[in-house]
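Encoded as structure tokens, the structure appears first; notes follow it.
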Amino acid sequence: MSLVPPFISSLSPYVPGKPIEETEREYGIAGAVKLASNENPLGPSPKAVEAIGKALGKMNLYPDGASFYFKNELAAFLKVTPAELMLGNGSNELIEFLIRTFVHGDEEILLSAGTFVVYKISAQAVGRKYVEVPMKDRHYDLEAMADAVTPRTRLAFIANPDNPTGSYQTQDALVRFLDAVGERVLVVMDEAYFEYVDAEDYPDSMSLRARYPNLIVLRTFSKAYGLAGMRLGYGVARPEIVDFVNRVRAPFNVSSLAQAGGMAALEDQEHVRRTVELNRRGLDQLAEELPKLGLSFTPSQSNFYLVDFHRPAMPVYEALLRQGVITRPMGGYGFHTSLRINTGTEEDHERLLTALRKVLETP
Ligand SMILES: *Cc1c(COP(=O)(O)O)cnc(C)c1O
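Residue numbers are given in the numbering used here: position 201 of the sequence shown equals residue 210, and the series is strictly consecutive.
In structure tokens, the structure reads:
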């Protein structure tokens, strides 16, 4: 007799970016650079670090389970009410809550193939069904996704911008999708890279919420806010949705350190601005240099490129590791000739480009 049902035994766990220390140990090198997990190369906001330091002395106490002060501040920043906010131990946890709260029995989750695998893993881990619709030229195919909606569809996830392609969906495309699927399907816009976006036709999902009460927006402090290790994400939805999620979540899912750090990071918009500027310069530089190496990439609204090497990418990934440059293989997402590479500091880019030149000229 099996200890677990087939949906657990057949589950492939999430494969994170290779940690710096592990790479240095395995390859006997020092000073490896990590461009594999879309983290903030500038580090956390110093103000967040200070606030977390101050909160350390009260670690004997449970956190405020309602995150009263943090929610109030975040609500004012977003121009919503605290009742429209849900918080998670990373937005990853909110993805799990939404699946566990709103999808049951024969009901289905609508996904794009080739997108953020966490949706699929979170669904399968709790035995929920999902349907995947192929991408079109490394973009979500929202028309095909709307066509795939059935009476069983309860939840749809849209990463916008997408990870790992970096591509995005426009306001017009999103509105057509929302009109097509109707109110019965909860549509989750996962905007983990929101702060990096500069496309003018990117959807204003916060305003669209007024017209589409089935819209849920997820964002995170892990990327532009530089707090990936703290684990803090949030969702914006109508109060009824938030209230149901609050029944499912554990009472102290967001730590007191995350609440203190999140509040200070939110106040330090200057740090976010510097982060976004560095990213813009980084994307521009790579857009100029990568084609000189015979590489192509999908235009990106995020802090990374899905780079196409036009040959199996695993050997390239390994060779880059030996040069101390950590990127992210994407074969698990179906992109076997590509690596995902996030932007870094100027020095990181020098290391990356030098390593790429070296690796690509040796056949
Ligand atoms: C990084 C990322 C997240 C954020 O995950 P956290 O749990 O908040 O760290 C969510 N969605 C996508 C598409 C991401 O790339």
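Just so you know, even glycine gets a beta-carbon here, dropped at the ideal spot from N, CA and C.
Enumerate in chain order the residues of its own chain whose CB-to-CB distance from proline 372 is below 6 Å, with the five nearest sequence positions on each side excluded.
-> Note on proline 372: pLDDT 49, under 50, position unreliable in the model; the coordinate value appears next. The answer is none, since no qualifying residue turns up.
Limits of the unbroken alpha helix (DSSP H) element including leucine 361 = Counting along the chain, the alpha helix (DSSP H) containing leucine 361 begins and ends at 355-370.
Taking all protein chains shown into account, do 16 or more other C-beta atoms lie within 10 angstroms of the C-beta of aspartate 199, making it buried, or fewer, making it exposed?
-> Taking every protein chain shown into account, the CB of aspartate 199 has 16 or more other CB atoms within 10 angstroms, so this residue is buried.
Does at least one heavy atom of ligand 1 sit under 7 Å from the Cβ of alanine 377?
-> No answer is possible for residue 377: it lies beyond the span of the chain, which begins at 10 and ends at 372.
Segment contact flag, the stretch 346-354 with the stretch 278-297, C-beta cutoff 8 Å, min 3 pairs | Judged by Cβ distances under 8 Å, the stretch 346-354 makes contact with the stretch 278-297, as three or more pairs qualify.
Answer yes if the stretch 53-68 comes into contact with the stretch 260-274, meaning at least three C-beta pairs across the two stretches below 8 Å, and no otherwise.
-> By the Cβ test, the stretch 260-274 is in contact with the stretch 53-68, since at least three Cβ pairs between them sit closer than 8 Å.
With aspartate 156 as the anchor, note down where its alpha helix (DSSP H) starts and where it stops.
-> Per DSSP, aspartate 156 belongs to the alpha helix (DSSP H) from 151-156.
Return the Cβ separation of tyrosine 342 and valine 126 in integer angstroms, given the expectation that the two are a contact with Cβ distance under 8 Å.
-> Indeed, because the Cβ distance is near 7 Å, the residues count as touching under 8 Å.
Pull up the distance between the alpha-carbon of alanine 219 and that of methionine 154, whole angstroms please.
-> C-alpha separation (whole angstroms): 23 Å.
Can you tell me which of Met10, Glu204, Ile108 puts its alpha carbon nearest to the alpha carbon of alanine 132?
-> Ranking the options by Cα distance to alanine 132, first place goes to Ile108.
Residues near ligand 1, CB to any non-hydrogen atom under 5 Å, in chain order?
-> Chain-ordered, the residues whose CB falls short of 5 Å from any heavy atom of ligand 1 come out as Gly99, Ser100, Asn101, Phe125, Ala168, Asn172, Asp199, Ala201, Thr229, Ser231, Gly242.
Enclosing alpha helix (DSSP H) for arginine 220 [first to last residue] = Where arginine 220 is concerned, the enclosing alpha helix (DSSP H) stretches over 214-220.
Near arginine 185, which residues of its chain fall below 8 Å by C-beta distance, leaving aside the five closest residues on each side in sequence?
-> Leaving aside the five residues that flank arginine 185 on each side, the residues in its chain whose CB is nearer than 8 Å to its CB run, in chain order, Leu151, Glu152, Ala155.
Of the residues Arg282, Met95, Pro91, the one placed nearest alanine 259, counting alpha carbons only = Proximity to alanine 259 across Arg282, Met95, Pro91 peaks at Met95, based on C-alpha coordinates.
Runs of alpha helix (DSSP H) wholly within the stretch 318-345 (minimum 4 residues, chain order) = Qualifying alpha helix (DSSP H) stretches, in chain order: 323-331.
When the Cα atoms are used, what is the spatial distance from phenylalanine 16 to aspartate 146?
-> Near 30 Å, if we compare the C-alpha coordinates of aspartate 146 and phenylalanine 16.
With a cut-off of 8 Å on the beta carbons, I'd call valine 190 and valine 158 a contact; round off their distance for me.
-> A Cβ-Cβ separation of about 5 Å places valine 190 in contact with valine 158 under the 8 Å criterion.
Going along the chain, which residues of its own chain have a beta-carbon closer than 8 Å to the beta-carbon of lysine 80, five neighbours each way excluded?
-> Answer for lysine 80: Pro91, Leu94, Leu96, listed in chain order.
Rounded to whole angstroms, what's the CA-CA distance from glutamate 117 to serine 311? Just pull it up for me.
-> Taking the straight line from one Cα to the other gives about 29 Å.
CA-to-CA distance, proline 55 to leucine 87, given in whole angstroms | Just so you know, the alpha carbons of leucine 87 and proline 55 end up roughly 23 Å apart.
Tell me whether the beta-carbon of alanine 57 lies closer than 8 Å to the beta-carbon of alanine 274.
-> Judged by beta-carbon spacing, alanine 274 lies within the 8 Å limit of alanine 57, meaning their Cβ atoms are closer than that value.
When the Cα atoms are used, what is the spatial distance from arginine 193 to valine 112?
-> Cα atoms of arginine 193 and valine 112: separation of roughly 12 Å, rounded to the nearest angstrom.
With 16 as the cutoff for other CB atoms within 10 Å, does proline 222 come out buried or exposed?
-> Around the Cβ of proline 222, a 10 Å sphere holds fewer than 16 other Cβ atoms; the residue is exposed.
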